[in-house]
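Here is the structure we will look at.
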RNA sequence: GGGGGUAUAGCUCAGCUGGAUAGAGCAACGGCCUUCUAAGCCGUAGGUCGAGGGUUCGAGUCCUUCUGCCCCUGCCA
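In the numbering used here, the protein residues as written are 3 to 586.
Structure, rendered in structure tokens:
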């Protein structure tokens, strides 16, 4: 008992815990710099050797915990063989309580093996920080706006929008987890040519026409859902969408009423899709509002005043080639209306004026041609907007596979697979996971059979199962009449000496870096990869070692580790918008 | 033609700002459930990282040329 108390006191002493990875790297850098200084003082190195010292986490545990390549980068200039120089630096390193030993390895790496106590401290951090573990404050409260999905209300959301929703929402979560003040926004056009096309299509359906009839409007929307809109309109249905409320007028001749109704109806459909997908927007922004507020006109006036426009063929052009575009673009068409490009510029100027120093637009890669154009338009405003503002995350196309062949049609939408179809069939969690687990830049094949499978080939359940397992262990613990307290578990951590326990601890220690990196690069898929690896190591550990052992202290320590894994899995899944179930 | 993306195991994909013998899952083959949930674990096999040059101590990663695939190239969004 006395022994236990002593150990607990030692584990809780602040001096040996709470050394975060950046601090650790910094301290090792300083040790290396001191070694270099000592070598320079002896005349064995040229004076004023101040390299940028890179400390990296090792990939292989046999290479220690951290490693530096200074000897490799310095060898040539110093006139030594890399391994010899590494040895000299090693010998000159001051002793540190954090480091248990160092070695020269490979072509000239210096490997650092940290003392066990410092590495196990991460478990304590996870348990005490809970949901906060992995969060950081890189954003320092600065405001960032993320625009994504931004589908026009002309039909149900398709798989591509789903990818945008999954990636965009996850980026929002990552940014908020790294200290940014995040505003999510959905932008859509409720008044353009596509919308009048929609209204004409619904009107045709109201009159009992089908897409194959001679009087069907040219370029009309052919999907079955148009008929649903028409039926609801004629029935005088009331529509409540997030940002608009309309009742059907039942008059097939009133095109304005049909348009208002159709837009509200399809916006409501999209709202339901997004709700089923657990995606929330802080604001819906209407393109038409830019006309009503005069911002479109003001934008034109400003571009003209700045001398970046000219008239040709009856149209008004913006000289975007002066700002890196490969050809100039029409702003105002010959017939008087504006192209979508101009409101886009006005919209982004609006974002800028709202004070977002950082803006991320998540879009399908088929829109990539607008990137240069919008940025050029913003530069032409001469409003001191940084070049390269805003940021873009472009995702590549999604194809859906079933039974080994591509699925192209949806009953509702006709020509594409809807997000709702996927959610209904495979569930929100699996759909979100699969759409966010790949790099946005890579084309995505959504395999319905894989997403549906409830076996070991489905990574979503694999990760969720790790969480459920940890919960189940706690339940089993109680069943057997034992209890577990966090403080006792933390005090017992030194009992964790198995290789798999060390590997798990090391993996947990990586998590904050993974989150920070994913947020910085707008790449949520790296979180998914990390979780898969963490889950794999936990499952492996679980199978190799019993957690609920009779040895109370060891049991306390193992539950502490299991709880820490559970917490990190939960935190990571939240970033992906996937649930962490307690039982499966 | 021009621009962007991409090419890694039979399939789907990782590979963190160049680092030590290239990873995982599926598919294939062989094992593990009277013991904390087998939605799990262990093992075997599988590769000229599309091709050729270049940069350097070191290249799947950076540069260049070529080839294949996807997207864009509208006074549609």
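Ideal Cβ placement from N, Cα and C applies to all residues, glycine included.
- By the Cβ criterion, the stretch 437-448 is not in contact with the stretch 543-562, since fewer than three pairs of Cβ atoms, one from each stretch, lie closer than 8 Å.
- Beta-bridge annotation (DSSP): residue 186 is paired with 148.
- About 52 Å separates the CB atoms of residue 237 and residue 308; that is not less than 8 Å, and the two are not in contact.
- Counted as a single uninterrupted DSSP element, the alpha helix (DSSP H) harbouring residue 422 occupies residues 421-428.
- For residue 366, the pairing in a beta bridge is given by DSSP as 397.
- Taken atom to atom, the span from the alpha-carbon of residue 104 to that of residue 545 is near 33 Å.
- Bounds of the alpha helix (DSSP H) holding residue 462 are 461-481.
- For residue 334, no alpha helix (DSSP H) encloses it; the enclosing beta strand (DSSP E) starts and ends at 331-334.
- Distances from the alpha-carbon of residue 156 to those of 201, 127, 129, 399 put 201 closest.
- Residue state for residue 113 is assigned as strand, using DSSP reduced to three classes.
- In the DSSP assignment, residue 303 falls within the unbroken alpha helix (DSSP H) covering 297-307.
- Burial of residue 268 is indicated by the presence of at least 16 other C-beta atoms within 10 angstroms of its C-beta.
- Residue 336 is positioned such that its CB atom lies closer than 8 Å to that of residue 315.
- Judged by their CB atoms, residue 571 and residue 492 are not nearer to each other than the 8 Å cut-off.
- Excluding five sequence positions before and after residue 162, the CB atoms of its chain that fall closer than 6 Å to its own CB belong to 366, 400, given in chain order.
- Using a C-beta cut-off of 8 Å, the stretch 225-240 makes no contact with the stretch 166-173, since fewer than three inter-stretch Cβ pairs fall below that distance.
- When DSSP states are grouped into helix, strand and coil, residue 584 belongs to the coil group.
- Taking the Cα positions, residue 25 is about 18 Å away from residue 131.
- Distance from the CA of residue 326 to the CA of residue 463, rounded to the nearest whole angstrom, comes to 47 Å.
- Take residue 539, set aside five residues on each side of it, and the residues of its chain with a beta-carbon closer than 8 Å to its own are 502, 505, 506, 509, in chain order.
- Secondary structure at residue 102: strand, using DSSP grouped into helix, strand and coil.
- Using a C-beta cut-off of 8 Å, the stretch 279-295 makes contact with the stretch 191-200, since at least three inter-stretch Cβ pairs fall below that distance.
- A distance of 8 Å or more separates the beta carbons of residue 94 and residue 84.
- Fewer than three Cβ pairs drawn from the stretch 100-114 and the stretch 133-144 lie within less than 8 Å of each other, which leaves the two stretches out of contact.
- Under the criterion of beta carbons closer than 8 Å, residue 179 and residue 521 qualify as touching, at roughly 7 Å.
- No Cβ-Cβ contact shorter than 8 Å links residue 275 with residue 434.
- In the structure shown, residue 551 adopts coil according to DSSP, grouped into three states.
- Listed in chain order, the alpha helix (DSSP H) runs fully inside the stretch 506-534 amount to none, counting runs of at least 4 residues.
- Taken atom to atom, the span from the alpha-carbon of residue 449 to that of residue 158 is near 21 Å.
- Residue pairing by DSSP places residue 311 opposite 320 in a beta bridge.
- The residue from 355, 404, 124 with its alpha-carbon nearest to that of residue 391 is 355.
- In the DSSP assignment, residue 227 falls within the alpha helix (DSSP H) that extends over 227-236.
- Beyond the five residues adjoining it in sequence on each side, residue 297 comes within less than 7 Å, by CB distance, of 348, 352 in the same chain, given in chain order.
- Residue 122 sits buried, since 16 or more C-beta atoms from the chains shown fall within 10 Å of its C-beta.
- In this structure, residue 136 lies away from residue 580, with their beta-carbon atoms at least 8 Å apart.
- For the pair of segments examined, the stretch 216-226 was found not to touch the stretch 561-568: the number of CB pairs separated by less than 8 Å stays below three.
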